[in-house]
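Structure record follows, encoded as structure tokens.
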Amino acid sequence: TPENVTITEFSKGYTSFTLENNKQEDMAPLEQRTVFQKELQQRLLSSGLKEGKDLKIIYKFTSFSEGSRVLRHFVGFVGAGKGEVVVHVSFYDTKTNKLIGETSTKGDISMGAVYGGSIDEAIIGIAKMVHLFIKVNYL
Numbered sequence: 488t489p490e491n492v493t494i495t496e497f498s499k500g501y502t503s504f505t506l507e508n509n510k511q512e513d514m515a516p517l518e519q520r521t522v523f524q525k526e527l528q529q530r531l532l533s534s535g536l537k538e539g540k541d542l543k544i545i546y547k548f549t550s551f552s553e554g555s556r557v558l559r560h561f562v563g564f565v566g567a568g569k570g571e572v573v574v575h576v577s578f579y580d581t582k583t584n585k586l587i588g589e590t591s592t593k594g595d596i597s598m599g600a601v602y603g604g605s606i607d608e609a610i611i612g613i614a615k616m617v618h619l620f621i622k623v624n625y626l
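Quick look at the structure:
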């Protein structure tokens, strides 16, 4: 769920993007950052955007707690073992090098169908929400 959204400039018509991870400030392991990057990149490409330089997207995980798959599997229905992540994403117009928007999106997993589920399910959900944010505001 988007928690904080700031749009400083409404700009539509971007046709290409770069996607970068702010590694110095990121709280998540490389594996989970890769899940997010690949999912968002695939969704952007399927929306007709190309890899290029119009819209710069910089993301970082500001909170990361994988929780416990075992607890989610056995007693997740009461919230035990819950995993939670928050991803902050900034958007820049590369022609002006100006910040045009930001969003922080939270995802969690409290139960899972297979052995308590994976935190990756929450990360993929966040990528879907960020993709929707981009489609609505910048495409």
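Numbering-wise (my numbering), the sequence shown opens with residue 488 and increments by one. All residues carry an ideal CB built from backbone N, CA and C; glycine is no exception.
Does the separation of the CB atoms of residue i and residue j fall below 9 Å?
| i | j | result |
| --- | --- | --- |
| L527 | Y501 | no |
| L586 | K499 | no |
| V572 | G594 | yes |
| D580 | E512 | no |
Excluding the 5 residues preceding and the 5 following residue i in the sequence, name in chain order all residues of the same chain whose CB lies nearer than 6 Å to its CB.
| i | result |
| --- | --- |
| D607 | V522 |
| R530 | H618 |
Looking only at C-alpha atoms, which of the options sits nearest to residue i?
| i | options | result |
| --- | --- | --- |
| G520 | I494, L531, T581 and S550 | Before going on, a small fix: residue 520 reads as Arg here, not Gly. The option with the nearest alpha carbon to R520 is S550. |
| V576 | S552, A614 and S597 | A614 |
| L542 | L517, M514 and G588 | G588 |
| V612 | N624, F504 and I596 | It should be noted that the sequence gives Gly, not Val, for residue 612. The candidate whose alpha carbon is nearest that of G612 is I596. |
| A609 | I494, N624, Y579 and E553 | E553 |
| V574 | E538, S534 and P516 | P516 |
Just mark residue i as buried or exposed, buried being the case when its beta carbon has 16 or more other beta carbons within 10 Å.
| i | result |
| --- | --- |
| L619 | exposed |
| G603 | Confidence at G603 is low in this model, with a pLDDT of 47, below 50, so the placement of that residue is unreliable and no value is reported for it. |
| T590 | buried |
| G570 | buried |
| F504 | buried |
| L536 | buried |
Excluding the 5 residues flanking residue i on each side, which residues of the same chain have their C-beta closer than 8 Å to its C-beta?
| i | result |
| --- | --- |
| K582 | D541 |
| M514 | K547, F548, T549, S550 and F551 |
| N508 | R520, Q524, I545, Y546 and K547 |
Sorted by chain position, which residues of the same chain lie with C-beta nearer than 7 Å to residue i's C-beta, five sequence neighbours on each side aside?
| i | result |
| --- | --- |
| V623 | none |
| T493 | G588 and E589 |
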